[in-house]
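Under UniProt numbering, the sequence shown has 149 at position 149, and the numbering climbs by one with no breaks. Using N, Cα and C, we set each Cβ at its ideal position, and we do this for glycine too. Structure first, commentary second.
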Amino acid sequence: MSYLEWATMEIQIAPSILSADFCNLERDLDRIANADMVHVDVMDHHFVPNLTIGEPVVKRICEVTDLPVDVHLMIEDPDRWAPGYAELGAHSVTFHAGATHAPVRLARQLHDMGCEAWFALRPAEPVEPLYDILEEFDTILIMTVEPGFGGQKFLANQMPKVRRLRDEITRRGLKTNIQVDGGVSPSTAATVAQAGANILVAGSAVYGAADPAKAINEIRDAAAAAYRD
Ligand code: DX5
Ligand code: ZN
1 MSYLEWATME
11 IQIAPSILSA
21 DFCNLERDLD
31 RIANADMVHV
41 DVMDHHFVPN
51 LTIGEPVVKR
61 ICEVTDLPVD
71 VHLMIEDPDR
81 WAPGYAELGA
91 HSVTFHAGAT
101 HAPVRLARQL
111 HDMGCEAWFA
121 LRPAEPVEPL
131 YDILEEFDTI
141 LIMTVEPGFG
151 GQKFLANQMP
161 KVRRLRDEIT
171 RRGLKTNIQV
181 DGGVSPSTAA
191 TVAQAGANIL
201 VAGSAVYGAA
211 DPAKAINEIR
221 DAAAAAYRD
């Protein structure tokens, strides 16, 4: 991808329902109708020290929302569980580098099922070992907090990693998206977009706002203005 193509690449906002009201999920999904996708955090109490939702709830989310469903698996053994989420109708399934045993096989299996394969790195995990298998993934998620909880402070120290990855993607003419997740808000959106991220997850900044739809627009506008710089 040329610099010009990159500069016109669309910023996408993915609100995380981790900060929504789990007793009013359908209502809270309606509140983010102007988002580009909905980000669903699946945690298993093993890969991360938190437990959220699994297949039955994700199944209903896929049924009731018109938005593409971006399933972020923070679980052990995604090789075993990820295809089940593709089966339920997820647009994309993200699995972690530190949890998968056969990332290429799993990515190809998801693609065969018509689902995008996204690959995630925790803050201490380097991006360079991924370069040999970069083409297997539609999106790389660079975590900007330690995964497990919403509402944590944004880790600006991940920006050099985002920048190096964007440079590598550009150099190779790929169309890979870079997603960031953790601490993204109207005030950090410009920083991540400038570094080269184009899919921004935001949980507390969206659902903690009085008007979630307005917060989505603010994050999108701040990011879009920054990467056109
Ligand atoms: C954290 C999750 C995030 C979380 C982000 O491990 O992966 O998706 O919901 O929440 P905020 O935007 O509040 O940092
Ligand atoms: Zn997430």
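* To do: Within 10 angstroms of the Cβ of His101, are there 16 or more other Cβ atoms? Answer buried if so, exposed if not.
  => exposed
* To do: Could you tell me the distance, in whole angstroms, from the CA atom of Val93 to the CA atom of Gln179?
  => 13 Å
* **Straight-line gap, Phe47 to Arg80 (C-alpha atoms, nearest Å)** => 14 Å
* Note the first and the last residue of the continuous beta strand (DSSP E) segment covering Pro15. => 12-15
* To do: Tell me the start and end of each unbroken alpha helix (DSSP H) in the stretch 38-123 that is at least 4 residues and wholly inside, in chain order.
  => 55-64, 78-88, 103-112
* Could you please give me the residues that DSSP links to Leu200 through a beta bridge? => Ile13, Val180
* Could you check the C-alpha separation between Arg108 and Gly98 for me, to the nearest Å? => 18 Å
* Asked: What's the C-alpha gap between Cys115 and Asp77?
  -> 18 Å
* Following the continuous alpha helix (DSSP H) through Ile133, name the residue where it begins and the one where it ends. => Here Ile133 belongs to no alpha helix (DSSP H), and DSSP marks it neither H nor E.
* Name the two residues that bound the continuous alpha helix (DSSP H) containing Thr170. => 159-171
* **Rounded distance between the beta-carbons of Ala195 and Val162, thought under 8 Å** => 4 Å
* **Three-state class that DSSP yields for Leu174 in the structure shown** => Shown here, Leu174 sits in coil according to DSSP, grouped into three states, outside any helix or strand.
* My understanding is that Ile75 touches Ala193, with C-beta atoms under 8 Å, so please give their C-beta distance in whole angstroms. => That pair is no contact at about 29 Å.
* To do: Compute every distance between the C-beta of Gly54 and the non-hydrogen atoms of the ligand DX5, then say whether any falls below 7 Å.
  => no
* Can you give the Cα-Cα distance for Gly208 and Ser19, rounded to whole angstroms? -> 7 Å
* To do: Report the residue from Leu29, Pro186, Ile219, Gly84 whose alpha carbon sits nearest the alpha carbon of Asp66.
  => Leu29
* Spatial neighbours of Leu51 in its chain, beta-carbon cut-off 8 Å, leaving aside the 5 residues before and after -> Excluding positions up to five away in sequence, the list reads Met43, Asp44, His45.
* Within its chain, find whatever has a CB closer than 6 Å to the CB of Ala213; leave out the 5 residues flanking it on each side and keep chain order. => Around Ala213: Asn34.
* Taking the C-alpha atoms as reference points, what is the distance between Ala226 and Ala190? -> 5 Å
* To do: Kindly indicate the opening and closing residues of the alpha helix (DSSP H) around Thr191.
  => 189-195
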